[in-house]
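The numbers in the sequence shown follow my numbering, run straight up by one, and end at 1160.
Backbone N, C-alpha and C fix where the C-beta goes; we use that ideal spot for every residue, glycine too.
The structure appears below as structure tokens.
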Amino acid sequence: MNWIAKKISETRKVKGLTQEELAERASINLRTIQRIENEESEPRGKTLQLICEVLEIDTQELLLGDQSLRPQQIGTKIANGLFLLVLNLVLIGVIGFLTLDSEANRNSIFGGYLISLFLPYFIVTLTKKMSGMERMLKFGFGYVAYFILSMIVIGFPTGFVTGLFPCLFISVSVLYFGNDIIRNLEK
974 MNWIAKKISE
984 TRKVKGLTQE
994 ELAERASINL
1004 RTIQRIENEE
1014 SEPRGKTLQL
1024 ICEVLEIDTQ
1034 ELLLGDQSLR
1044 PQQIGTKIAN
1054 GLFLLVLNLV
1064 LIGVIGFLTL
1074 DSEANRNSIF
1084 GGYLISLFLP
1094 YFIVTLTKKM
1104 SGMERMLKFG
1114 FGYVAYFILS
1124 MIVIGFPTGF
1134 VTGLFPCLFI
1144 SVSVLYFGND
1154 IIRNLEK
């Protein structure tokens, strides 16, 4: 069932209206309502506006909801996945370079701490509608993988002393609890 037909049908039933009552209140032919709900036609313009007024549905929200449920092309999904992979590699690469580099001094380690705080915060501000877990899965999987790999290769003491593990912990925390941080800052 397409989104618009489903939303109209469900909302009509929730409001306790029959198709006849909806048609009468919206000043639309009964057969038009039946065609819409049976997906034989899709309401446009004035018809959609009249139905939405009676059912108290936002027309724009109804139309946007229809577009958001359309399946993405496989190419778009692959491109999004590759972008997220590259983004995660860049994020962990920058923090790793600033903390694990053999020539890392206090200034570069401090820069690593700042970047581990501000880059995830920037991501959170751009993805306010995402849950913390969804954000972690999209933007934080690189940090988690880097932590596990670093534990195996260099061990915990070296990762902690160089500042790598605290930076990774800060980044992951900001990504996960970002919505709470923003909410507290706005108060």
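Asked: To the nearest angstrom, how far is it from the Cα of ILE1088 to the Cα of ILE1068?; Found: 7 Å
Asked: Taking 7 Å as the limit between beta carbons, can you name the residues of its chain near SER1123, skipping five residues before and five after?; Found: GLY1132, LEU1137
Asked: Out of LYS1160, GLU1012, LEU1028, GLU983, which one is the CA nearest neighbour of ALA999?; Found: LEU1028
Asked: Provide the residue span of the alpha helix (DSSP H) that contains ARG1017, from first to last.; Found: Neither: ARG1017 is in no alpha helix (DSSP H) and is coded neither H nor E.
Asked: How do the segment 1073–1088 and the segment 1043–1062 stand: do at least 3 beta-carbon pairs fall below 8 Å, yes or no?; Found: no
Asked: If you check the beta carbons only, do ILE1177 and LEU1090 fall under 7 Å apart?; Found: There is simply no residue 1177 to check, as the chain begins at 974 and stops at 1160 in what is shown.
Asked: Looking at the structure shown, is GLN1033 part of a helix, part of a strand, or coil, going by DSSP?; Found: helix
Asked: Inspect the CB distances between the segment 1079–1087 and the segment 1110–1127 and report whether three or more fall short of 8 Å.; Found: no
Asked: Taking the alpha helix (DSSP H) that GLN1046 falls in, what are its first and last residues?; Found: Taken as a continuous stretch (DSSP letters only), GLN1046 belongs to no alpha helix (DSSP H), as it is neither H nor E.
Asked: For GLU933, which of GLU983, ILE977, CYS1140, GLN992 has the nearest alpha-carbon?; Found: Absent from the model: residue 933. The displayed extent of the chain is 974 to 1160, so no value can be given.
Asked: Roughly how many angstroms lie between the CA atoms of PRO1114 and ASN1061, to the nearest whole one?; Found: Before going on, a small fix: residue 1114 reads as Phe here, not Pro. So the alpha carbons of these two residues sit roughly 7 Å apart.
Asked: Rounded to a whole number of angstroms, what is the C-alpha to C-alpha distance between LYS986 and THR1020?; Found: 19 Å
Asked: Does the Cβ-Cβ distance between ILE1030 and THR984 come in under 7 Å?; Found: yes
Asked: Which value, in whole angstroms, describes the spacing of the CA atoms of GLU1159 and GLY989?; Found: 41 Å
Asked: Output the boundary residues of the alpha helix (DSSP H) element that contains GLY1151.; Found: 1137–1159
Asked: Any heavy atom of the ligand FAD closer than 6 Å to the Cβ of ALA996?; Found: The ligand FAD is not part of this structure, which contains no ligands at all.
Asked: Within a Cβ cutoff of 8 Å, which residues of the same chain sit near GLU1015, ignoring the five residues on either side of it in sequence?; Found: ASN975, ILE977, ALA978, ILE1009
Asked: Looking at the unbroken alpha helix (DSSP H) that takes in SER1089, where does it start and where does it end?; Found: 1079–1099
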